[in-house]
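**Student:** In this note's numbering, the protein residues as written are 188 to 423. Positions of the beta carbon are idealized from the N, C-alpha and C atoms, including for glycine. First the structure, which I've put down as structure tokens, then a few questions once you've had a look.
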Ligand code: ZN
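Okay, structure coming up:
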């Protein structure tokens with residue numbers, strides 16, 4: 188990482204910020220693209236992503252970096268708080284991306300990934316911080332259920348409330364995800380698997396929800412934790 192990358196953004200002018208991004212693109216085009224030309228040629232006319240990845244808009248989360256995946260591997264949808272509105276409430280960007288990924292791209296996995304130090308989760312805990320942000324406030328109503336689950340079940344005395352809420356929010360969004368007919372149908376027939384992850388920015392650890400154990404555990408070793416309900420139909 189060069190010195191410039193370490194500069195606090197606050198010391199950077201608007202012009203410098205844009206220049207940094209454009210310089211990066213020029214480096215990509217000159218140095219990176221030629222090395223991966225074959226891949227981009229293959230991707231030029233089709234995509235067959237390995238998974239759909241729903242995560243927060245937070246700039247510190249870089250799905251392709253933390254999963255070491257290439258262009259074409261992840262169908263990514265991002266928004267404040269890695270929210271999935273329940274089906275029917277909002278025919279917006281997230282619902283559209285889900286339907287497209289499942290029906291048109293035939294993805295077999297949908298990963299919902301929350302993260303440590305999430306501003307959206309902090310806002311859910313301190314709703315008064317959103318007084319001047321009515322749109323964010325309305326959006327985060329989809330995370331309200333997680334807040335209630337935590338409040339009703341966890342005294343949180345001396346606990347990491349933010350961490351617990353972040354996990355509960357991922358579980359709430361997994362529940363919402365399963366209200367989408369395209370998702371529910373393919374889960375029922377064992378053609379689609381859903382996963383709930385939380386990524387820690389400081390340590391790089393990822394924990395995933397294990398539905399059988401009812402808790403999150405590291406995906407670093409051992410069998411992959413499964414959050415998907417059992418299939419009820421077979422299409423062989
Ligand atoms: Zn976040």
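Output the distance between the C-alpha atoms of residue 190 and residue 209, rounded to the nearest integer angstrom.
**Tutor:** Residue placement at residue 190 cannot be trusted, given a pLDDT of 49 that sits under 50; the coordinates are not used to answer.
**Student:** Whose C-alpha, out of 302, 363, 380, 350, is nearest the C-alpha of residue 245?
**Tutor:** 302
**Student:** With a threshold of 7 Å on Cβ separation, who are the neighbours of residue 346 within its own chain once the five nearest residues in sequence on each side are excluded?
**Tutor:** none
**Student:** Counting only the same chain and skipping the five closest in sequence on each side, list residues whose C-beta sits under 6 Å from that of residue 365.
**Tutor:** 371
**Student:** Tell me which residues share the same chain as residue 424 and place their Cβ nearer than 6 Å to its Cβ, disregarding the 5 neighbours each side in the sequence.
**Tutor:** This structure leaves residue 424 out entirely; the chain is present only between 188 and 423.
**Student:** Based on DSSP bridge pairs, tell me the residues matched to residue 384.
**Tutor:** 300, 395
**Student:** What first and last residue would you give for the beta strand (DSSP E) that runs through residue 261?
**Tutor:** Going by DSSP, residue 261 is part of the beta strand (DSSP E) stretching over 261-266.
**Student:** Which residue marks the beginning of the beta strand (DSSP E) containing residue 242, and which one marks its end?
**Tutor:** 238-243
**Student:** Taking the beta carbon of residue 188 as the centre, do at least 16 other beta carbons fall within 10 Å, making it buried, or is it exposed?
**Tutor:** Note that residue 188 scores a pLDDT of 45, beneath 50, so its modelled location is shaky; the value from the coordinates is reported in the next line. Exposed is the call here.
**Student:** Would you kindly report the start and end of the unbroken beta strand (DSSP E) that includes residue 402?
**Tutor:** 402-405
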